[in-house]
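So the sequence shown is residues 228 to 502, counted in my numbering.
Cβ coordinates follow ideal geometry from the N, Cα and C atoms, glycine included.
As the structure is a computational prediction, the values presented were derived from the model and not from experiment.
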Amino acid sequence: MSGTVITLLTDFGLADAYVGAMKGVILGVNPGATLIDLTHDVSPQDVLQGAFLLSTAWRYFPAGTIHVAVVDPGVGTERRALLLEAHGHLFLAPDNGLLSFILPPEDADAPLYQPYRASLPQGYRAYALTSSRYWRHPVSATFHGRDIFAPMAGHLSLGVAPKDVGDPVDSLIRLVIPVPSWRDGQLVGYVLHIDRFGNVVTTVPEAALVGHDDVVVEIAGATVRGLVHTYAEANGLAALIGSHGYLEFALTNGNAAKLLGVKVGDEVKVKVREK
Numbered sequence: 228m229s230g231t232v233i234t235l236l237t238d239f240g241l242a243d244a245y246v247g248a249m250k251g252v253i254l255g256v257n258p259g260a261t262l263i264d265l266t267h268d269v270s271p272q273d274v275l276q277g278a279f280l281l282s283t284a285w286r287y288f289p290a291g292t293i294h295v296a297v298v299d300p301g302v303g304t305e306r307r308a309l310l311l312e313a314h315g316h317l318f319l320a321p322d323n324g325l326l327s328f329i330l331p332p333e334d335a336d337a338p339l340y341q342p343y344r345a346s347l348p349q350g351y352r353a354y355a356l357t358s359s360r361y362w363r364h365p366v367s368a369t370f371h372g373r374d375i376f377a378p379m380a381g382h383l384s385l386g387v388a389p390k391d392v393g394d395p396v397d398s399l400i401r402l403v404i405p406v407p408s409w410r411d412g413q414l415v416g417y418v419l420h421i422d423r424f425g426n427v428v429t430t431v432p433e434a435a436l437v438g439h440d441d442v443v444v445e446i447a448g449a450t451v452r453g454l455v456h457t458y459a460e461a462n463g464l465a466a467l468i469g470s471h472g473y474l475e476f477a478l479t480n481g482n483a484a485k486l487l488g489v490k491v492g493d494e495v496k497v498k499v500r501e502k
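And the structure:
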């Protein structure tokens, strides 16, 4: 359908022509498609970062939007290419955990942020992109973004039914993202993302802190007492709920990540402040 919105998220950067080639293929299939760049600055091969960034943006697009996400260190191997139907949107991505945050959270008995195979939750539908008539040929073993995901997005935008892109699947790869919960007055989370300002985003969702406003947060040997509501309100290192709905650390006019020396995966502890 002309005007269908297609978003693009990759780790390709803009120095090379990879993104432009993908856009050219999509427009070759559907010249009327509306193409939107979410970001192409995902760190190379960083599936977790790509998954998180996708989760921060997709919901702001209209129902029916097609999201193409390509962070694909396993391109050309036996890893599957997927279409996921979820929340009234379509997501095209390699089966490597890139769609983890699109699904409801779940705990898994595996190392932090590592991939594992999980059953597809009830109410979601997914398909392997096996219908080669919707691919671009010949298919490069190193550029499925151009030759599989891009043309698939173009054909879907013209009205091809999701069930026609390939075989249905009942499982997919997810990343281990623990769901924080309170135990003995303490909640343990982890650093999930560090943004370009140096703000440290954690896995602790705002919902976990409801009823626990009077808290002490510990990270990398630093202690922050209570939460602020804005970056400007902070006087030095502060903790707050960021725009994505997670607990994060910020430094007024500074870089909290550099100050703390933290990295993705480091532990964060939230405790109820003693009166």
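Closest by C-alpha distance to residue i, when choosing among the options
{"i": "Val392", "options": "Thr430, Lys485, Arg352, Phe424", "result": "Arg352"}
{"i": "Leu478", "options": "Thr457, Ser470, Lys498", "result": "Thr457"}
{"i": "Val295", "options": "Leu236, Gln341, Val302, Pro342", "result": "Leu236"}
{"i": "Glu305", "options": "Thr234, Leu347, Thr357", "result": "Thr357"}
{"i": "Phe328", "options": "Asp336, Pro348, Ala337, Pro338", "result": "Pro348"}
{"i": "Ile263", "options": "Leu326, Ile233, Gly381, Trp409", "result": "Ile233"}
{"i": "Thr292", "options": "Lys490, Asn257, Ser384, Phe376", "result": "Ser384"}
{"i": "Val298", "options": "Leu280, Ile468, Trp285", "result": "Leu280"}
{"i": "Ala407", "options": "Ser398, Leu474, Ser470", "result": "Correcting the residue identity first, residue 407 is Pro in this sequence and not Ala. That would be Leu474, whose Cα lies nearest to the Cα of Pro407."}
{"i": "Ser282", "options": "Ala355, Asp268, Leu325, Val302", "result": "Leu325"}
{"i": "Pro289", "options": "Tyr340, Pro258, Gly230", "result": "Gly230"}
{"i": "Tyr287", "options": "Val302, Gly315, His267", "result": "Gly315"}
{"i": "Trp362", "options": "Val252, Pro395, Asp273, Pro432", "result": "Val252"}
{"i": "Asp441", "options": "Gly472, His471, Val499", "result": "Val499"}
{"i": "Gly386", "options": "Gln413, Leu317, Lys496, Leu454", "result": "Leu317"}
{"i": "His420", "options": "Asp411, Ser270, Gly481", "result": "Ser270"}
{"i": "Leu311", "options": "Ala388, Tyr417, Asp268, Gly472", "result": "Ala388"}
Enclosing beta strand (DSSP E) for residue i [first to last residue]
{"i": "Ser346", "result": "342-346"}
{"i": "Ala308", "result": "308-313"}
{"i": "His294", "result": "293-297"}
{"i": "Val427", "result": "427-432"}
{"i": "Ile468", "result": "464-468"}
{"i": "Leu235", "result": "232-237"}
Residue i (DSSP reduced to helix, strand or coil)
{"i": "Gln413", "result": "strand"}
{"i": "Tyr473", "result": "strand"}
{"i": "Phe318", "result": "strand"}
{"i": "Ala461", "result": "coil"}
{"i": "Ala449", "result": "strand"}
{"i": "Leu262", "result": "strand"}
{"i": "Leu325", "result": "coil"}
{"i": "Leu419", "result": "strand"}
{"i": "Leu436", "result": "helix"}
{"i": "Lys502", "result": "Residue confidence for Lys502 is low, a pLDDT of 47 falling below 50, so the modelled location carries little weight; the figure read from the coordinates is stated next. Note: Lys502 maps to coil in three-state DSSP."}
Residue environment, residue i, which counts as buried when at least 16 other CB atoms sit within 10 Å
{"i": "Gln276", "result": "buried"}
{"i": "Asn462", "result": "exposed"}
{"i": "Ala368", "result": "exposed"}
{"i": "Arg307", "result": "buried"}
{"i": "Arg344", "result": "exposed"}
{"i": "Thr429", "result": "buried"}
{"i": "His371", "result": "buried"}
{"i": "Arg373", "result": "buried"}
{"i": "Pro378", "result": "buried"}
{"i": "Ala242", "result": "exposed"}
{"i": "Pro321", "result": "buried"}
{"i": "Val489", "result": "buried"}
{"i": "Asp394", "result": "exposed"}
{"i": "Asp505", "result": "The structure shown does not extend to residue 505, since the chain spans only 228 to 502, so no value can be given for it."}
{"i": "Gly492", "result": "exposed"}
Boundaries of the alpha helix (DSSP H) in which residue i is found, first to last residue
{"i": "Ile253", "result": "245-256"}
{"i": "Ala278", "result": "274-284"}
{"i": "Lys496", "result": "No alpha helix (DSSP H) contains Lys496, which is instead part of the beta strand (DSSP E) from 494-499."}
{"i": "Ala483", "result": "483-487"}
Can you check the segment 338-405 for any beta strand (DSSP E) of at least 3 residues that lies completely inside it and give the ranges in chain order? You should have 342-346, 352-355, 398-402.
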